[in-house]
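Quick note on the numbering used here: the sequence shown kicks off at 62 and runs consecutively. Below: the structure, in C-alpha coordinates.
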Amino acid sequence: MKFFLTLSKKHLAIILAVIIIALIILGQLVTAKGSKINGNTNALRVQYIKSLKLEPDDSNVTSKEIIIPENFSKVYKEYNALQKKAGFDLARHRGEKATVYTYALSGSDMLVHIIVADGEIIGGDIADISFNGEMKPLCRVG
(Lines of atoms letter the chains of each structure in order from A; the text may use other names.)
(Lines give C-alpha, C1' and ligand atoms only; values in the text may rest on other atoms or scores of the structure.)
Protein backbone atom coordinates (compact mmCIF):
# COMPACT_ATOMS: atom_id res chain seq x y z
CA MET A 62 0.00 0.00 0.00
CA LYS A 63 1.39 3.38 -0.99
CA PHE A 64 0.64 6.63 0.75
CA PHE A 65 0.99 9.97 -0.99
CA LEU A 66 0.81 13.34 0.63
CA THR A 67 0.41 16.39 -1.49
CA LEU A 68 1.42 19.73 -0.04
CA SER A 69 1.25 23.14 -1.53
CA LYS A 70 4.38 25.28 -1.61
CA LYS A 71 2.84 27.45 1.11
CA HIS A 72 2.27 24.49 3.46
CA LEU A 73 5.72 23.10 2.74
CA ALA A 74 7.29 26.50 3.52
CA ILE A 75 5.37 26.71 6.83
CA ILE A 76 6.48 23.21 7.86
CA LEU A 77 10.08 24.00 6.97
CA ALA A 78 9.96 27.28 8.92
CA VAL A 79 8.57 25.51 12.01
CA ILE A 80 11.35 22.89 11.82
CA ILE A 81 14.04 25.57 11.49
CA ILE A 82 12.64 27.55 14.45
CA ALA A 83 12.47 24.38 16.56
CA LEU A 84 16.10 23.55 15.73
CA ILE A 85 17.23 27.09 16.63
CA ILE A 86 15.42 26.96 19.99
CA LEU A 87 16.79 23.49 20.73
CA GLY A 88 20.31 24.64 19.85
CA GLN A 89 20.06 27.61 22.22
CA LEU A 90 18.81 25.41 25.05
CA VAL A 91 21.67 22.94 24.59
CA THR A 92 24.22 25.77 24.41
CA ALA A 93 22.84 27.44 27.53
CA LYS A 94 22.99 24.19 29.51
CA GLY A 95 26.43 23.29 28.22
CA SER A 96 28.01 26.62 29.11
CA LYS A 97 27.45 26.37 32.86
CA ILE A 98 30.58 26.44 34.98
CA ASN A 99 30.33 24.32 38.10
CA GLY A 100 31.31 26.28 41.22
CA ASN A 101 29.87 23.97 43.88
CA THR A 102 33.15 23.31 45.68
CA ASN A 103 36.33 25.18 46.51
CA ALA A 104 38.30 22.75 44.34
CA LEU A 105 36.09 23.49 41.31
CA ARG A 106 36.35 27.25 41.84
CA VAL A 107 40.14 27.03 42.17
CA GLN A 108 40.28 24.86 39.05
CA TYR A 109 38.30 27.51 37.16
CA ILE A 110 40.61 30.29 38.37
CA LYS A 111 43.64 28.25 37.31
CA SER A 112 42.06 27.75 33.87
CA LEU A 113 42.33 31.54 33.53
CA LYS A 114 46.13 31.20 33.96
CA LEU A 115 45.93 32.68 37.47
CA GLU A 116 47.39 31.18 40.65
CA PRO A 117 45.02 31.57 43.61
CA ASP A 118 46.06 31.18 47.22
CA ASP A 119 43.19 28.94 48.25
CA SER A 120 44.33 28.65 51.88
CA ASN A 121 42.46 31.82 52.87
CA VAL A 122 39.11 32.06 51.07
CA THR A 123 36.40 34.41 52.24
CA SER A 124 32.76 34.37 51.23
CA LYS A 125 29.71 36.55 51.60
CA GLU A 126 26.08 36.14 50.66
CA ILE A 127 24.51 38.68 48.32
CA ILE A 128 21.27 39.21 46.45
CA ILE A 129 21.65 40.42 42.90
CA PRO A 130 19.35 43.45 42.71
CA GLU A 131 16.21 43.45 40.61
CA ASN A 132 16.96 46.96 39.37
CA PHE A 133 20.55 47.78 38.49
CA SER A 134 22.03 51.07 39.63
CA LYS A 135 24.56 52.85 37.40
CA VAL A 136 27.39 51.09 39.26
CA TYR A 137 25.76 47.66 38.81
CA LYS A 138 25.19 48.36 35.11
CA GLU A 139 28.90 49.17 34.72
CA TYR A 140 29.84 46.05 36.69
CA ASN A 141 27.56 43.95 34.50
CA ALA A 142 29.23 45.43 31.39
CA LEU A 143 32.48 44.05 32.83
CA GLN A 144 30.77 40.68 33.32
CA LYS A 145 29.64 40.61 29.71
CA LYS A 146 33.26 40.98 28.55
CA ALA A 147 33.92 37.60 30.18
CA GLY A 148 30.74 35.98 28.82
CA PHE A 149 28.61 36.38 31.94
CA ASP A 150 25.43 38.41 32.41
CA LEU A 151 24.14 39.13 35.91
CA ALA A 152 20.89 40.48 34.47
CA ARG A 153 19.82 36.86 34.00
CA HIS A 154 20.07 36.41 37.77
CA ARG A 155 18.21 39.49 39.04
CA GLY A 156 16.71 38.90 42.46
CA GLU A 157 18.68 35.69 43.04
CA LYS A 158 20.76 34.85 46.08
CA ALA A 159 24.43 34.28 45.35
CA THR A 160 27.71 33.83 47.16
CA VAL A 161 30.84 35.84 46.38
CA TYR A 162 34.06 33.92 47.04
CA THR A 163 37.27 35.96 47.30
CA TYR A 164 40.70 34.50 46.58
CA ALA A 165 44.05 36.30 46.81
CA LEU A 166 46.41 35.69 43.91
CA SER A 167 49.77 34.34 45.02
CA GLY A 168 52.51 36.95 45.18
CA SER A 169 50.44 39.94 44.09
CA ASP A 170 48.04 42.68 45.17
CA MET A 171 45.26 41.02 43.18
CA LEU A 172 42.03 39.42 44.32
CA VAL A 173 39.71 37.19 42.34
CA HIS A 174 36.00 37.34 43.14
CA ILE A 175 33.86 34.42 41.97
CA ILE A 176 30.07 34.81 42.08
CA VAL A 177 28.18 31.53 42.47
CA ALA A 178 24.41 30.96 42.36
CA ASP A 179 22.85 27.50 42.61
CA GLY A 180 26.27 25.91 42.27
CA GLU A 181 27.04 27.71 39.01
CA ILE A 182 29.71 30.37 38.47
CA ILE A 183 27.73 33.32 37.13
CA GLY A 184 30.34 36.06 37.25
CA GLY A 185 33.24 37.64 39.03
CA ASP A 186 36.23 39.87 38.53
CA ILE A 187 39.95 40.30 39.02
CA ALA A 188 40.65 43.28 41.27
CA ASP A 189 43.99 45.02 41.74
CA ILE A 190 43.87 46.35 45.30
CA SER A 191 46.97 48.52 44.99
CA PHE A 192 46.62 52.32 45.17
CA ASN A 193 45.92 52.84 41.44
CA GLY A 194 44.36 49.42 40.96
CA GLU A 195 41.61 48.52 38.54
CA MET A 196 39.01 45.83 38.09
CA LYS A 197 39.18 43.42 35.14
CA PRO A 198 36.86 40.74 33.76
CA LEU A 199 37.47 37.05 34.43
CA CYS A 200 39.47 36.41 31.27
CA ARG A 201 42.64 34.50 30.59
CA VAL A 202 45.82 36.38 31.35
CA GLY A 203 48.73 36.29 28.90
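Note that the Cβ used here is the ideal one computed from N, Cα and C, for glycine as well.
Say yes only if the C-beta of F65 is nearer than 7 Å to one or more non-hydrogen atoms of the ligand NAD, and no if none qualify.
This structure lacks the ligand NAD; in fact it carries no ligand of any kind.
Determine the direct distance from the alpha carbon of D150 to that of T123, and round the result to whole angstroms.
23 Å
Roughly how many angstroms lie between the CA atoms of I129 and I187, to the nearest whole one?
19 Å
With a threshold of 6 Å on Cβ separation, who are the neighbours of G194 within its own chain once the five nearest residues in sequence on each side are excluded?
none
Alpha carbon to alpha carbon, how far is K111 from E139? Give it in angstroms, no decimals.
26 Å
In chain order, what residues of the same chain have a beta carbon less than 7 Å from the beta carbon of G184, not counting five sequence neighbours either side?
Q144, F149, L151 and I176.
Check each candidate in E157, K71 and P117 and name the one with the smallest Cα separation from G168.
P117
Here's the rule: buried if 16 or more other CB atoms are within 10 angstroms of the residue's CB, otherwise exposed. What is G6?
Nothing in the structure corresponds to residue 6, since the chain is present only between 62 and 203.
By a C-beta neighbour count over all protein chains shown, 10 Å radius and 16 as the cutoff for buried, is G180 buried or exposed?
exposed
List the endpoints of the continuous alpha helix (DSSP H) containing N141.
K135 to K146 is the extent of the alpha helix (DSSP H) around N141.
In terms of residue numbering, what span does the alpha helix (DSSP H) encompassing L151 cover?
Neither: L151 is in no alpha helix (DSSP H) and is coded neither H nor E.
List the DSSP bridge partners of E181.
N99 and A178
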